[in-house]
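Asker: Let me begin by handing over the structure; questions about it come next.
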Amino acid sequence: MDPTLFAVVFLVLLALYVRRAARRDDVARLRGPKSPSFTFGNLLQLQDADPYGKHEFTWLEEFGSVYKIKACFGKTRLVISDPEAMRFVLNSPDVGWASTQKKVAKILFGLDSAFLARGDRHSYLRRVMNPWFSPRSIREMSPMMKDGAQKARSQTFLVNHWDSNGFVGQMVDVVPTLHSAALDILGEALLETEIGGLEGKGELSKIQNQLIDIFSDAGKVGKLAEAFVPSIPDLLLNLVLMLPLPGLDVLQKYMRLTTEMSESLLARKMLAGEDRDASFVGRLASATDIRNEGIPDHIRTVLMAGDRTTGDTLSWTVYQIAAMPEFQRALRKEVHDAHVSQAAAELNTDIDYDKLPLLNALINEVLRFYPALPLPERITLADCVIPLSAPVLSNMGEMISELRVRAGQEVYLAIGSYHRMKSIWGDDADEFRPERWLREEDDNDEKSRKLKVPGVGGPRGSLLSFLSGPGVCIGYRFALLLLQVLVSTLIRNFTFALPDGGDNVRPRCMITTVPWIEDEDGKGGRQGVEVVVGRVEDGV
């Protein structure tokens, strides 16, 4: 090689090395668990543990609130539960959706959805939708939700699954009906359409459940797909999705059904000639910068985001009600007394659910203990420095007070771990205790004081169940009211008890935190919450 050319090549390579070395990365200095597999790394331990958190919560105690794990084929990922670090990740424009999640979300919701849009576009979409999720709009939806919830006592709500099976006095898996209830009320309140899932008529409800199950229970194949999907060009991926392959037919049918439903809703609004801003779909249609052909993407966003997460939270709430007989009686009395007072005052408005301390304490604790999305993923879009609220110990015995991270670093927001941090929630963080949320203070009892959490600062206390920052769940008020209405209606009408033989429900991470019943042989299982249901007679 010519000496001059050799010198140029050497200097270029040296400059690249110096530049890379200057971009210091603290990830290599972090501690973390040993990887049991080159193929899957620690992912099976993190995501498929039975119960969920079996390894993750142990790692939190061993390595602290920031550590590293191995993903497929030796890739390194961060696991973060430190409050300051999570606040940064959730608010920084230098952090975005992880590559695989972004591709999947793009398929389901489109690049212009509120999930994926960024910057000014994201702000615009939220401005368009916000009026329909404002406190006033949510209060006006309360009677509609209550009507839907009241069907829990009638033939139209549980006719196929509860009453036809001798509902009262029997052991019932409440998960299917609670998921259907959440989706039906979502359809009526926001989309002004009848989903029909509770009555077994809703094809959309069935297809959506099938699709969610496919994505959430992908197992080892899903882990491998997650590793390869980011490198597949969008054009090729779109062509593959059109093929008549098992599983893809469910996706294709779901896309067709939701598109047809959206077009029907839009046509109905235009034909009626009503004020478009008077409905959620109408407001989307009247937005100057949203094309009509893009409305199905926003409809799918609402349907997917509001169904599984709310249904799982409802299921866990009923499970905990059944597990706490004394609390159940106190909650029933609280709800009953609120309705009696409302009737005595001859008020036509619904009760103020926010003024029911036991009800809200229960919901808050369920949101904390069983976060809907325990492990959302993000990726750094640029080199950045992630602040920490407390230093972590490096693998060399040094203390790291901030984390320098290069662009392209994938990060898990360990919300489940954050909700179990003793430095935030107290020494009883691993216990399910609704009492921690009650407002009464007792200076002599640390557990009874009002919770004052120095956490991230989500829309519900310091919980991150609805995320935080610019990407906070736009429909969190709707979800909370739906939970309040359904739980209060169920507790007024039914009693719940765990079946004889003990507690066999455990949390599993299947994108959301689902209740899981293991088979007797220990070789399989299914989602479910089995409780013995009784009828509440007059009075409490």
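In mature numbering (1 follows the signal peptide of the UniProt record, and there is no 0), the protein residues as written are -22 to -1, 1 to 518. No residue lacks a Cβ here, since even glycine has one placed at the ideal position from N, Cα and C. Source: prediction; values computed, not measured.
1. If you run the structure through DSSP and keep just helix, strand and coil, what is Q148?
2. In whole angstroms, what is the alpha-carbon distance linking A83 and R307?
3. Let me check understanding here. Comparing Cα to Cα, which of V153, V150, W415, I173 lies closest to L161?
4. Given that a residue counts as buried once 16 or more other Cβ atoms are within 10 Å of its Cβ, and exposed if not, what is K12?
5. Assess, as a yes-or-no matter, whether the stretch 53 to 67 is touched by the stretch 81 to 97 under the definition of 3 or more beta carbon pairs within less than 8 angstroms.
6. Roughly how many angstroms separate the alpha carbons of R234 and L336, rounded to a whole number?
7. Just to confirm the assignment, what range does the beta strand (DSSP E) spanning Q387 have?
8. Per the DSSP calculation, Q320 is bridged to which residue(s)?
9. From G502 to T36, what does the alpha carbon distance come to, in whole angstroms?
10. Rounding to the nearest angstrom, what Cα-Cα distance links K81 and P477 in this structure?
11. Nearest CA to the CA of A167: which residue from D26, F456, V344, R470?
12. For S59, collect the residues of the same chain with a Cβ closer than 7 angstroms to its Cβ; drop the 5 residues on either side in sequence, then sort them by chain order.
13. Give every residue of the same chain whose Cβ lies closer than 6 angstroms to the Cβ of Q25, excluding the five residues on either side of it in the sequence, and list them in chain order.
14. Under the three-state reduction of DSSP, which class applies to P485: helix, strand or coil?
15. Can you tell me the Cα-Cα spacing of P352 and T490, whole angstroms?
16. Within its chain, find whatever has a CB closer than 7 angstroms to the CB of G175; leave out the 5 residues flanking it on each side and keep chain order.
17. Which residue marks the beginning of the beta strand (DSSP E) containing T491, and which one marks its end?
18. Rounded to whole angstroms, what's the CA-CA distance from L468 to L189? Just pull it up for me.
19. If I measure Cβ to Cβ from N108 and keep anything under 8 angstroms in the same chain, skipping five residues before and after, which residues do I get?
20. Determine the direct distance from the alpha carbon of S91 to that of R269, and round the result to whole angstroms.
21. According to DSSP, is K179 part of a helix, a strand, or is it coil?
22. I believe I277 touches M239 by the beta-carbon criterion, under 8 angstroms. Please report the beta-carbon distance rounded to the nearest angstrom.
23. Only counting the same chain, and skipping five residues up and downstream in sequence, which positions put a Cβ closer than 7 angstroms to that of I329?
24. Assuming the contact rule is C-beta atoms closer than 8 angstroms, V296 and V507 should be a hit. Round their C-beta distance to whole Å, please.
25. Please state if the CB of I47 and the CB of residue 523 are separated by a distance shorter than 8 angstroms.
26. Any idea which residues DSSP pairs N357 with across the strands?
27. Could you give the distance in angstroms between the alpha-carbon of P154 and the alpha-carbon of E177?
28. Return helix, strand or coil for A95, following the three-state DSSP convention.
29. Going straight from the alpha carbon of T358 to that of Q298, what length do you get?
Answerer: The short version:
1. coil
2. 42 angstroms
3. Restricting attention to V153, V150, W415, I173, the CA atom closest to the CA of L161 is found in I173.
4. exposed
5. At 8 angstroms Cβ cutoff, the stretches do not touch.
6. 43 angstroms
7. From DSSP, Q387 is part of no beta strand (DSSP E); its letter is neither H nor E.
8. DSSP output for Q320 lists no bridge partner at all.
9. 24 angstroms
10. 43 angstroms
11. For A167, the nearest C-alpha among the options comes from F456.
12. L38, S43, A392, S395, Y396, M399
13. C487
14. strand
15. 7 angstroms
16. Shown here for G175: same chain residues with a beta carbon closer than 7 angstroms to its own, the five before and five after excluded, namely S158, L161, D162, S183 in chain order.
17. Run containing T491: 490 to 496, per the beta strand (DSSP E) assignment.
18. 28 angstroms
19. I452
20. 12 angstroms
21. Three-state DSSP puts K179 in coil, outside helix and strand.
22. 7 angstroms
23. A316, H317, Q320
24. Contact check for V296 and V507: beta-carbon distance about 6 angstroms, within the 8 angstroms limit, so the pair qualifies.
25. Here the chain comprises residues numbered -22 to 518, so residue 523 is not present and cannot be evaluated.
26. The sequence as given places Ile at residue 357; Asn does not occur at that position. Answer is G74, E388.
27. 12 angstroms
28. coil
29. 38 angstroms
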